[in-house]
Amino acid sequence: MSTSEYKSVDAEGDLPISAAELAALATQLYATSIRPGPDSPPVTTQVAPRGATPDATAASSAVTTAVGLAHPGTPPAFVSVPDVQLPAPTSPEPEAIPGVVPVAPRFSPSLRSPQERGNAASPIAPVGGLEAFAVPTGLVPTVPGVLAGGAPSAPPAPTHSPSLRSPQGRGSAPTWPGAVPAVPDLDWSGSPAPSDDAAGYYFLQTPTAPAEPTPALPDNHEIFDVNAIRADFPILRETVNGKPLIWFDNAATTQKPQSVIDRLAYFYAHENSNIHRAAHELAARATDAYEDAREAVRRFIGASKAEEIIFVRGTTEAINLVAYAWGGKHLGPGDEIVITHLEHHANIVPWQLISQQTGAVLKVAPVDDAGNLLLSEFEDLLGPRTKLVAATQVSNALGTVTPVKTIVELGHRYGARVLIDGAQSIPHIAIDVAETGADFFVFSGHKIYGPTGIGALYGREDALAETPPWQGGGNMIADVTLERSLYQGPPNKFEAGTGNIADAVGLGEALRYVERVGIDRIAAYEHALLEYATPRLAAIPGVRLVGTAEEKASVLSFVLAGHEPLEVGKALNAEGIAVRAGHHCAQPILRRLGLEATVRPSFAFYNTFEEIDVFIDAVRRIAEGSA
1 MSTSEYKSVD AEGDLPISAA ELAALATQLY ATSIRPGPDS PPVTTQVAPR
51 GATPDATAAS SAVTTAVGLA HPGTPPAFVS VPDVQLPAPT SPEPEAIPGV
101 VPVAPRFSPS LRSPQERGNA ASPIAPVGGL EAFAVPTGLV PTVPGVLAGG
151 APSAPPAPTH SPSLRSPQGR GSAPTWPGAV PAVPDLDWSG SPAPSDDAAG
201 YYFLQTPTAP AEPTPALPDN HEIFDVNAIR ADFPILRETV NGKPLIWFDN
251 AATTQKPQSV IDRLAYFYAH ENSNIHRAAH ELAARATDAY EDAREAVRRF
301 IGASKAEEII FVRGTTEAIN LVAYAWGGKH LGPGDEIVIT HLEHHANIVP
351 WQLISQQTGA VLKVAPVDDA GNLLLSEFED LLGPRTKLVA ATQVSNALGT
401 VTPVKTIVEL GHRYGARVLI DGAQSIPHIA IDVAETGADF FVFSGHKIYG
451 PTGIGALYGR EDALAETPPW QGGGNMIADV TLERSLYQGP PNKFEAGTGN
501 IADAVGLGEA LRYVERVGID RIAAYEHALL EYATPRLAAI PGVRLVGTAE
551 EKASVLSFVL AGHEPLEVGK ALNAEGIAVR AGHHCAQPIL RRLGLEATVR
601 PSFAFYNTFE EIDVFIDAVR RIAEGSA
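Structure follows, in structure tokens:
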């Protein structure tokens, strides 16, 4: 029989399958392997250079390689190739393809609205790939695992269990024959591929994986497949009051990707034990998972040592730890603590309490009417008695981004320790504690797609060395007699008792998820959302924007004339839109602006321009009295 009439046999129905059908099946399998799992080995597939259109022979060759068939002569035609159009580096937007409906919104800083994007083909970002999507044929295949922007740092290989090599964290590490397909030459500048020791990706553990240069991706944020991201968050498929859920309460808490949910379940199914004690296998697994999470935090915020990372319940507990442990030792009558008017209650109340106990004086740096910190007035508050400066990096009520590097430099100039509240900055801005020079940096896991009840305190080595234990108990001691106790060094010194082990592990997975997407890409996309929403909301009659600083992140607070914030929040909830309405645990800054409450929509990287359109329409109808 001829090659074009090649037949296979269906194992169940004993039905012949043509080569064309087999090729189409192989193509579908390739599409589902964009995000490989333990049962989906990589496929060696040729990818055409960026901007090129492969001919039928080249496309068929990829399928031939995938299914192991030989096709001399003209290969059979096939359909449903999961290809996409990648924009040329010199063009901000690919040419429109007539009759092609985009798979997902295409993010470009020059295209703010869904209507302005037109019918351009949308590339696929395979992080959390979509099922059964339709894409145009005859275009350049996407590169598995690629999102636009600088390539994020690969996490180090886990040391505790080979069973966690797969993205789902289940099963043993698969080994497949043959070489892992090389990344195609896309005319981008290259950098060495991560080594096995520097990356925990299971496919890099394959003995035959080539150590070839991996091209760096252009940091122009041209591609951001928000639908692929949304597919990773199961709660976004919920409905509220018969409407699709629109989660605009991200400043309060963020939703969780499936990988975090799976990691928590895996821990309780396979690793649950106490840590740092016992000689059995599960204790070793749990300890390794916990310490791997600490390393993930260290890497994410740019700390130099894992010993500088202390697990706590969240930002509030971290600030209290510094206030009572460090402040209790180093503050005395007449010493000064400087905070700003932008602070969350969690960065105000602990300093009030420790000031009452020690006799220290609390000073507050002012802001202008837009919510900008007044740096000259801030510096005027500093002096020889200033012992500690505590400032937020991003205001939870206004979204103002403060100049933390300048704040740290000024504080150190006067000999003060500096604490930065990163609860609102951690999911939106790249953090580098070594660069900013902060003595303490604090954040909560649930603000960055991780579990509740877990957070981290970074303390610079010399700052932790002069901080006594905060709580006493097991795990933090080296030796105990009835007369005295000897303590371990950091971090155990500050982690008395059984900690929140499972949620620390979940936090580590959340940070790895964000690393895979890329925090710089996230920041650029969220900034575009904010720029899109701000003028449209401001144009609604009766709306007053609250917090209009030039540097902002995520938050878009407002009030509506003639309507209480709670009333607006309830009306939006009827439309399936979740926002915060109230004082946001930041009463001083709202009162500085003459308010007791606002409506606060806040965005994350899984939100869309279309959701903003729904929100704007709902607010307009409320303002007009038709909602």
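Quick note on UniProt numbering: the sequence shown kicks off at 1 and runs consecutively. We treat Cβ as the ideally placed atom computed from N, Cα and C, and that holds for glycine. Model, not experiment: these values are computed from the prediction.
Q.
Please return the same chain residues whose Cβ sits closer than 6 Å to the Cβ of G314, not counting the five positions on each side in sequence.
A. S444, G455
**Q.** Which of helix, strand or coil DSSP assigns to L130
**A.** With a pLDDT of only 32 at L130, under 50, the local geometry of the prediction cannot be trusted, and no value is derived from it.
Q: Decide yes or no for the touch test of the region 286-306 against the region 428-437: beta carbon pairs closer than 8 Å, at least 3 of them.
A: Contact between the region 286-306 and the region 428-437 is present, with at least three C-beta pairs closer than 8 Å.
(Q) Using the Cβ count rule (16 or more neighbours within 10 Å means buried), how would you classify E596? (A) exposed
Q) What are the uninterrupted segments assigned as beta strand (DSSP E) that are 3 or more residues long and contained completely in the region 469-530, given in chain order? A) Every unbroken stretch of the beta strand (DSSP E) spanning 3 or more residues and falling wholly within the region 469-530 is given here in chain order: 477-480, 485-487.
Q. Near W470, which residues of its chain fall below 7 Å by C-beta distance, leaving aside the five closest residues on each side in sequence?
A. L321, Y324, A325, F494
Q: Report the three-state DSSP secondary structure of G422 (helix, strand or coil).
A: coil
(Q) Helix, strand or coil for K405? Go by DSSP, reduced to three states. (A) helix
Q. Over what stretch of residues does the beta strand (DSSP E) that includes K387 continue unbroken?
A. Start and end: 386-392.
**Q.** As assigned by DSSP and simplified to three states, the class of P244
**A.** strand
**Q.** Contacting residues, own chain, Cβ-Cβ under 6 Å from E295 (five flanking each side not counted)
**A.** A306
Q: Per DSSP, which residues does F267 bridge with? Please list them.
A: Paired residue(s): none; F267 is not in a bridge.
Q) Looking at K387 and L353, is the spacing between their C-beta atoms short of 8 Å? A) Contact: no.
**Q.** D369 classed as buried or exposed, judged by whether at least 16 other C-beta atoms fall within 10 angstroms
**A.** exposed
Q.
What does the alpha-carbon distance come out to for the pair T498 and N250?
A. Rounded to the nearest angstrom, the two C-alpha atoms are 30 Å apart.
Q: Go to I309, then tell me how far its beta strand (DSSP E) extends in each direction, as first and last residue.
A: Per DSSP, the unbroken beta strand (DSSP E) holding I309 starts and ends at 309-312.
Q. R620: which of I540, R544, T608 sits nearest, CA to CA?
A. Nearest option by C-alpha distance: I540.
Q: Would you list the residues sitting across from V348 in a DSSP beta bridge?
A: Strictly speaking, residue 348 in this sequence is Ile, with Val absent from that position. Its beta-bridge partners do not exist; DSSP assigns none.
Q) Where does S626 sit, in a helix, a strand or coil, going by DSSP? A) coil
Q: Label I448 either buried or exposed according to how many other C-beta atoms from any shown protein chain fall within 10 Å of its C-beta, with 16 as the threshold for buried.
A: buried
**Q.** Whole-angstrom distance between L593 and N492, CA atom to CA atom
**A.** 43 Å
Q) Under a three-way DSSP split, which group does V322 fall into? A) helix
**Q.** Supposed close pair I319, A278 - CB separation, criterion 8 Å
**A.** With 8 Å as the limit, I319 and A278 do not qualify as a contact, their Cβ atoms being about 33 Å apart.
Q. Per DSSP, what kind of secondary structure is I337 in: helix, strand or coil?
A. strand
**Q.** Cα-Cα separation between I616 and G582, rounded to whole angstroms
**A.** 20 Å
Q.
Do L545 and A553 have their beta-carbon atoms positioned less than 8 Å apart in this structure?
A. no
Q: Check whether the Cβ atoms of I420 and A438 sit closer than 8 Å, and answer yes or no.
A: yes
Q | Cβ-based burial, A269 [other Cβ within 10 Å; buried from 16] | A | exposed
**Q.** Distance, A478 Cα to A578 Cα
**A.** 48 Å
(Q) Excluding the 5 residues flanking G411 on each side, which residues of the same chain have their C-beta closer than 6 Å to its C-beta? (A) V389, V418
(Q) Assuming contact is defined by CB atoms lying nearer than 8 Å, are A533 and I407 in contact in what I supplied? (A) no
(Q) With H, G and I counted as helix, E and B as strand and the rest as coil, what does DSSP make of A284? (A) helix
Q. Any idea if K329 is buried or exposed, counting beta-carbon neighbours within 10 angstroms, 16 or more meaning buried?
A. A residue is called buried when at least 16 other Cβ atoms come within 10 angstroms of its Cβ; K329 does not meet this threshold and is exposed.
Q: Use the C-beta contact count for T608: other C-beta atoms within 10 angstroms, 16 or more gives buried, fewer gives exposed.
A: Buried is the call here.
Q.
I believe S602 touches V555 by the beta-carbon criterion, under 8 Å. Please report the beta-carbon distance rounded to the nearest angstrom.
A. For a cut-off of 8 Å, the C-beta gap from S602 to V555 is around 5 Å, short enough to register as a contact.
Q | Distance between W351 and T340 (C-alpha atoms, nearest Å) | A | 12 Å
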